[in-house]
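Residue numbers for the sequence shown follow the working numbering, beginning at 4 and rising by one.
First the structure, in the form of structure tokens, and then the observations on it.
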Amino acid sequence: MDSHAGGGAFAVPRGTARRTERGARVAPFLHWIVDMHGRMQGQRTNPGYGHALGGGVAAGVIGGAVIALAMLVTALVRGADIWIGVKAAAAPFLGERALRPGFDAEAVAFGMACHFAVSIVWGVLFSALFYGMSRGATVVAGALWGLVVWFVMYYVVLPLAGLEQMASQAPAGPSILLHVLFGLAVGIGFLPFQRPRPELPGPITGAPVLS
């Protein structure tokens, strides 16, 4: 008997298929998060861990300030509303209110707080991965890190936050450029905290793999 007879008795529901597709897209990111956790767990035995962590926070703040300033200048040059870019980071929490034109004090404050919180997370992850590199390699890694940030934010974080339309409508070229600028700022901001990585007393256990 045809399995699709009688209205497709064995057809996969559309919502289930969509969730399965989204899960398949997110799985590599979850693997990466687990690997990052393993690296950071290993670095806690490193005497320079606290120094690198503080540097990651500082580098994230610097990167967040640079990309915020760049978005402000871009909006001014284009004659666009300068407040939407400031409020947009709060869209997962405030919804349409964060995307309306004009000034909204609460939305602006919340948007800036969200923006810098996310920037700090990326800065700390950068410090966990690239602590111990040379100064030149750190700057190059920062530029590449910007590409990673752009990809994860636009293809994982925003869709999961229900902002897939916002991600799809953003022009790829300017978005990539802004995030490379962010990564460069993070890398340069981390330079004062960069140190040669001391030898650890034993090998770091690899991160578990999600099945």
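Positions of the beta carbon are idealized from the N, C-alpha and C atoms, including for glycine.
Residue state for Ala-83 is assigned as coil, using DSSP reduced to three classes.
Phe-185 places its beta carbon less than 8 Å from that of Val-152. Annotation for Leu-166: no alpha helix (DSSP H) segment contains it, and DSSP assigns it neither H nor E. Collapsing the DSSP output to three states places Pro-174 in coil. Of the residues assessed, Gly-63 falls on the buried side of the cut-off, its CB having 16 or more other CB atoms within 10 angstroms. Residues Glu-167, Met-169, Ala-170 of the same chain have their beta carbon placed closer than 7 Å to that of Leu-161, with the five preceding and five following residues left out of the count. DSSP places Phe-119 within a helical segment (H, G or I) once states are collapsed to three. CA-CA distance, Val-189 to Val-111, rounds to 23 Å. If you draw a straight line from the Cα of Gly-114 to the Cα of Leu-79, it comes to about 19 Å. Of all alpha-carbon atoms in Val-159, Arg-103, Ala-120, Gly-165, the one lying nearest the alpha-carbon of Val-60 is that of Ala-120. Here the alpha carbons of Ile-179 and Tyr-158 stand approximately 13 Å from one another. By the neighbour-count criterion, in which a residue is buried when 16 or more other Cβ atoms sit within 10 angstroms of its Cβ, Val-127 is buried. Sequence-distant partners of Ala-146 (beyond 5 residues in either direction) whose C-beta falls short of 8 Å from its own C-beta, in its chain, are Val-183, Gly-186, Leu-187, Gly-190. In this structure, DSSP gives Phe-193 a helical state, which the three-state scheme calls helix. Of the residues assessed, Ala-175 falls on the exposed side of the cut-off, its CB having fewer than 16 other CB atoms within 10 angstroms.
Sequence-distant partners of Phe-133 (beyond 5 residues in either direction) whose C-beta falls short of 7 Å from its own C-beta, in its chain, are Thr-141, Ala-144. For Met-156, the secondary structure class from DSSP, reduced to helix, strand or coil, is helix. Within the same chain, and ignoring the five residues on either side of Leu-194 in sequence, the residues whose Cβ sits closer than 7 Å to its Cβ are Arg-138, Thr-141. Around the beta carbon of Gln-197, 16 or more other beta carbons sit within 10 angstroms, so the residue counts as buried.
Between the C-alpha atoms of Ala-131 and Ser-122 there is a straight-line separation of about 14 Å. Of the candidates Ala-93, Glu-99, Phe-106, Ile-70, the residue whose Cα lies closest to the Cα of Ile-85 is Phe-106. Following the DSSP letters along the chain, one finds Pro-199 in no alpha helix (DSSP H), marked with neither H nor E.
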